[in-house]
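Asks:
Residue numbers (the working numbering): 958 to 1103.
#1: Does the distance from the CB of residue 976 to the CB of residue 1023 come in under 7 Å?
#2: So the candidates are 985, 1014, 1034; which of them puts its Cα closest to the Cα of residue 1065?
#3: Under DSSP, the alpha helix (DSSP H) around residue 1003 begins and ends at which residues?
#4: Classify residue 1039 as helix, strand or coil using the three-state DSSP reduction.
#5: Work out the CA separation of residue 1008 and residue 1017 for me, nearest whole Å.
#6: Going by C-alpha distance, which of 1051, 1090, 990 is nearest residue 1019?
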């Protein structure tokens, strides 16, 4: 993290200072919780809860958009900061991105309609892309453009 104002940086809780911290932590905790949940659902030990699309759809979706995207988001936001020398999103902006990710995870689990879930996942991906693009455009690193 390129620290410009040390007091401002220290006012942010450490977990929200660098993008890999909340997303690697969230992805890891999510994986630890999802495995026993999946086993319980697959074996019929948890019959009451029915996620959107059923358990198999939940598993497919959450391995890609839940676990994998949390890890990818943490890596990419941290890597773009290193590539560009720009300060990556931290504090409330990073919290906002994490809240969108978490809302989509809980929405799938508790069976919200797909019309609500798809925009949440899309919002997460677009916000992540926007945060990365702003840092790349700021230093005009055209070699990193898509």
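Cβ atoms here follow ideal geometry from the backbone N, Cα and C, with glycine treated the same way.
Replies: With the given structure in hand:
#1: Within the chain shown, numbered from 1, the residue matching residue 976 stands at position 19. Within the chain shown, numbered from 1, the residue matching residue 1023 stands at position 66. For residue 976 and residue 1023, no; Cβs fall outside 7 Å.
#2: Position 108 of the chain shown holds residue 1065. For the residues 985, 1014, 1034, the minimum Cα distance to residue 1065 belongs to 1014.
#3: Counting from one through the chain shown, the residue named residue 1003 turns up at place 46. For residue 1003, there is no enclosing alpha helix (DSSP H), since its DSSP letter is neither H nor E.
#4: Reading the chain shown from its first residue, position 82 is the one you call residue 1039. In the structure shown, residue 1039 adopts helical secondary structure according to DSSP, grouped into three states.
#5: Residue 1017 sits at position 60 when you count from the first residue of the chain shown. Residue 1008 sits at position 51 when you count from the first residue of the chain shown. Residue 1017 and residue 1008: Cα-Cα distance of roughly 12 Å.
#6: In the chain shown, counting from the first residue as 1, residue 1019 sits at position 62. For residue 1019, the nearest C-alpha among the options comes from 990.
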